[in-house]
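Just so you know, the working numbering puts the end of the sequence shown at 736, numbered straight through with nothing missing. Here is the structure we will look at.
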Amino acid sequence: MTDISEILGAKKFYLLLSSQLCALLQGTLNDSSLSYQVIITCDPQAIAEFTHKLEQHLDNSSPWRKRLIPYIEPHLPQSNPLETHFYSRLWNILVPEFSETSDVMYEGLRTCEPVEEALRQQVAQERLLNQLIGQIHQSLELSVILETAVRELRSFLEVDRLVIYKFREKYLSTSESEKIQNLGGLVTYESRVSQSLPSLLNVVAEDVCFATIPEYQHKYRQGEIVAIEDVERQYSASLCLSQFLEKYWILSKLIAPIIVEGELWGLLIAHQCFKKRQWLESEKAFLGQIGEHLAVAIYQAQLYAQVQEQKNTFEQRVIESTQALRDTLIASQAANHSKSEFLGNMSHELRTPLTCIIGLSGTLLHWSQEGLNLPVDKQRKYLDTIQNSGKHLLDMINEILEYSNLQSGKYVLSVRYFSLTKVAKNVMQRVSDESEHRRINLELDLQIEPQKDSFSADPERVQQILYHLLNNALKFTSKNGKVTLRVWLEKNQLCLEVEDTGIGIEEEKIPLLFESFQQLENSRRRVYGGTGLGLALTKQLVELHGGTIEVESIINKGSTFTVRIPSQPQNKAKLVSQPEKNQALFTKNKTIVLVESNEEIATLIGELLTAANYHFIWLMDGTKVIKKIELLEPSAVILDKELSKIIEINDSLKQYPETKDTKVLILRNEITSKEWTEISKMGIDDYLIKPIQPNLLLKRVNALIFNNNES
C-alpha cells in the first residue's frame, strides 16, 4: 500500500466510498516536525481522479479492482443528513472544546487555523444549502423559502443588507444583438443587519440608471456573478446610479442572477454598507449556488401555480357544465310541465264550446223531431250561441295549427299591398262585440295620411297580429276600461301600438309573455281562459316579417304593446284604384270552377262563392275534367287534388289561349316554404290551408279574379 501511496503522491491515504458519502484523506509526513500534512476532501471530481489512478495500479486479480470501478466516474450524491453529520463530527474532532490537557494533545492544530476556518465555512454552507433544499422539497410557500433564504444568507455572509430584485418582465432573448426593453423591476425581499439602514423593499430602480453599464442585461442572462468592491469608483461615470447607491449607503455589492428556465427572473444582491469589502471566490460561488437553488424553487412554484390554475379552470368548467346540464334538465322539465298544463287547459277550452254546440243543437233537433214549435227568438238565440261557440272553437284550432306550422317552418307569407285603414277597421269591427260585452271603450287612432295608406306585407298576418294584441288587451282590462289601437308609419316601417288600462304585468314576468305554452298565472287561465299561444304566435308572426315587438307595463295601470314591421319586398305589386276596381266588378268573368271530391267542402265553398255573387261550378274528379274546364273558360280554378294531378291540370290550362290566363288556387292540408317556392314556379297563383276560413277564401278569390292587391 505504501508504494502505491507514493505513486499517488501521498505517504498515507484513507478512501471512503459509498452511495451516500465519499471522502478522501491524504497525509504526507513532515520529516523535520515529525507531523503529517493532512488534506481532506469530499469533492467528487478529485475523488474520481484519485480512484482512477488507484484502479490502474492494482493487479487484475485484486478484489479491490471491481469495487473501485463504479467510482471511477464522478459520483454526485444528493445532499443528505449523513453528509451533514459527517462534516459536523469532523469539525468536532478537529476543533474540540479545549480542556486543560488539550493543549498537549492538539498543540499541532493551533497552526492550522486557515484549515479550521475553511472547514467551518464548508460545514456552514452545507448546512444552509441543506436547509434550503429541504424547504424546497417540502413544497413550502415560495414566499417562505425566499424570506428564509434572504435572512439566513445575509447572516452567513455577514453582509449588511441582502435583497432579491425581481424583474417585471420575462426576458426570453439569448441574442446579444437583441435589446431588452423595459428592464424594470423592484426589490421584493430584504434582510438588514440593522433597522437604521434605509430599506430597499419595494423600491424601483430607474431604468435610465443602468443605460451606461455595458452589456448589463446580457452578462446576467449568461449567468455571470458580478463582484464590485468599490461602487463609487465603478459607477463614477453614472451620476444617476451613483446617487442611487449613495442614498442607500451601498459601498460594495455582490450580485448573482436568478435564471428560471433560461429566463432572467431576478437578481440576488448582497450589500456592504458600513465599509468596503473584498469579495472572496468562495463567497461568489456560494451566492451563485443559492441563486440556482432559488431558481429551482421559483420554477417549482410556477409549475405548481400552473397546475393549480389548470385544476381550478377544469373544476370551474365541470361546475359550469354541470350547471348547464342542470339548467337544461330544469328547462326540459318546465317545458314538459307547461305542455301538460297546456293540454289540460286546452281540453277545458275545447270542451266548453263543444258542450254548447252539442247541447243546443241537440235541443233544437229534439224539438223538431217531437213536432214542437220552439219560439223563433229562442231558436235564434240558440243558433247564435252555436255559431259563436263554433267560431271560438275554430279560432282556437286555427291558432294551434298556425303555431304548429310556424314551429315546423311550414309557413309562407303572402306579401302584397293592402290598405292599413281597412285592415285596422276590420280588426276593430271583429273585436267590437267583445268590447261592448265587456263594456270597454275601444278606440282607433289612425295617424296615416290618405296617400300613404298602402303598405306591403301579408295583410292576413298583420290582421292576425292586431287581433291577438287587441283580444289580449280586452281580456285583461276591467269593466269601463279603455283599449286603444294606434297605427302610424315611420319611414319605411309600419308601427302598431295597442294600449290598455288593464291589470298590468310584473316586470320580471314580461319575458314569459312570448314563451310557448306559457301564461303568467294559473289563476289567470281559470279566470280569463285562452290557449296560452296567442302572444307566442304573435311574436313569431312579427319576426317572420323581420319586425320587433316590445312591451311596457305598470301593475294596475295597464300595458302597451308596440310592433314595428318593415315594408316587405315583393315581385308582383300592382295597385288598382277604387274606380278601376268597381269597373272590374261588372266587366270581369266571375266563373269559378272547383275540382273537389269531398262533398262537404264543395258545399261550403259553393255557398260562400254563390253568396258573393260568383258563378260557381263544381266538378267531381274524372277523366274529362280538363276538357270541361277548357270549355267553361273560368276566371279561376280551385283544385283540391294530389300534387301530380294539380300539375297536370295546370299544364293543360296553360297550353290553350282560352285558359292560359286562368288563375289557379290550390287547397292543401299543409305546405312548406320550399314546397310553395317550387309550386309557384310552375304557374300556381295562390294556396289555402284547410280547414277553409270563409273570409280568407273570399279575399284570395277576389285578389285572383280582379288582379287586385287590395285585401
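Virtual Cβ for every residue (Gly too), placed ideally from N, Cα, C.
Are the CB atoms of residue j and residue i within a distance shorter than 8 Å?
i: LEU629; j: ILE717; result: yes
i: VAL285; j: TYR324; result: yes
i: TYR190; j: PRO223; result: no
i: LEU678; j: VAL618; result: no
i: ILE94; j: GLU80; result: yes
i: LEU279; j: ALA310; result: no
i: GLY529; j: LYS582; result: yes
i: ASN451; j: GLN404; result: no
i: ASP525; j: VAL508; result: yes
i: LEU419; j: LEU379; result: no
Between the Cα of residue i and the Cα atoms of the options, which residue gives the shortest distance?
i: GLU257; options: ASN638, TYR96, GLU271; result: GLU271
i: PRO475; options: LEU514, LEU167, GLU575, ASP710; result: LEU514
i: GLY291; options: GLN488, ILE250, LEU375; result: ILE250
i: LYS447; options: SER479, HIS462, VAL437; result: SER479
i: LEU390; options: ASP402, TYR407, ARG376; result: TYR407
i: TYR245; options: ILE294, GLN680, LEU634; result: ILE294
i: PHE181; options: SER216, ILE411, SER393; result: SER216
i: ASP483; options: TRP392, PRO591, LEU42, ILE473; result: PRO591
i: LEU438; options: GLU172, CYS47, ILE696; result: ILE696
i: ILE490; options: ILE579, TYR442, ARG589; result: ARG589
i: ALA636; options: ASN623, SER87, PRO719; result: PRO719
i: LEU50; options: ASP56, VAL452, ILE672, GLN62; result: GLN62
i: LYS615; options: TYR39, LEU279, HIS640, GLN150; result: HIS640
i: THR377; options: GLY415, LEU519, LEU467, GLU621; result: GLY415
i: LEU469; options: ASN497, LEU521, ILE422, LEU633; result: LEU521
Counting only beta-carbon atoms, is residue i nearer than 8 Å to chain C?
i: PRO594; result: Of the protein chains in this structure there is only one, and it is not chain C.
Here's the rule I'm using: 16 or more other beta-carbon atoms within 10 Å means buried, otherwise exposed. How should residue i be labelled?
i: GLY506; result: buried
i: PHE299; result: exposed
i: SER736; result: Because the pLDDT at SER736 is just 38, under 50, the model does not fix this residue reliably, and the value given afterwards should be weighed accordingly. Counting Cβ neighbours within 10 Å, SER736 comes out buried, since at least 16 surround it.
i: GLU683; result: exposed
i: LYS685; result: exposed
i: TRP89; result: exposed
i: ASN733; result: With a pLDDT of 42 at ASN733, under the threshold of 50, the predicted position of this residue should be treated as unreliable, and no value is reported.
i: LEU729; result: buried
i: ARG193; result: exposed
i: SER346; result: exposed
i: ARG302; result: buried
i: ASP185; result: buried
i: TYR96; result: buried
i: LYS699; result: exposed
i: ILE574; result: buried
i: ASN517; result: exposed
i: GLN268; result: exposed
i: ASP665; result: buried
i: GLY527; result: buried
i: LEU54; result: exposed
i: LEU23; result: Nothing in the structure corresponds to residue 23, since the chain is present only between 26 and 736.
i: GLU621; result: buried
i: HIS296; result: buried
Could you tell me the boundaries of the beta strand (DSSP E) in which residue i lies?
i: TYR712; result: 711-714
i: ASN466; result: 466-472
i: TRP304; result: It is not in any beta strand (DSSP E) - TRP304 carries neither H nor E in the DSSP assignment.
i: HIS296; result: 288-297
i: GLN51; result: 48-55
Return the first residue and the last residue of the alpha helix (DSSP H) that residue i is part of.
i: ALA636; result: 624-636
i: CYS265; result: 264-272
i: LEU656; result: 650-657
i: TRP701; result: 698-705
i: ILE674; result: 668-680
i: VAL169; result: 167-182
i: PHE539; result: Per DSSP, PHE539 belongs to no alpha helix (DSSP H) and is neither H nor E.
i: PRO88; result: 88-93
i: LEU731; result: The sequence shown places Phe at residue 731, not Leu. Segment: none, PHE731 is in no alpha helix (DSSP H) and carries neither H nor E.
Shorter than 7 Å, the distance from the beta carbon of residue i to the closest heavy atom of the ligand PLP, or not?
i: ASN451; result: Of the ligands one can find in the structure shown there are none, so the ligand PLP has no counterpart to examine.
For the putative contact between residue i and residue j, defined by C-beta atoms under 8 Å, what is the C-beta separation to the nearest angstrom?
i: PRO282; j: LEU276; result: Not quite, the Cβ-Cβ distance comes to about 22 Å (not below 8 Å), so this is no contact.
i: ALA561; j: LEU510; result: Actually they do not touch by this definition, with Cβ atoms about 21 Å apart.
i: LEU499; j: SER457; result: Not really, about 10 Å apart at Cβ, beyond 8 Å.
i: SER481; j: GLN335; result: SER481 to GLN335, Cβ: 58 Å. No contact.
i: ILE654; j: VAL662; result: 6 Å
i: LEU426; j: ARG486; result: 14 Å between Cβ atoms; not a contact.
i: LEU187; j: VAL175; result: 5 Å
i: LEU154; j: GLU177; result: With 8 Å as the limit, LEU154 and GLU177 do not qualify as a contact, their Cβ atoms being about 10 Å apart.
i: ILE642; j: SER578; result: Between SER578 and ILE642 the Cβ distance is about 54 Å, and since that is not below 8 Å, they are no contact.
i: ALA326; j: LEU167; result: 4 Å
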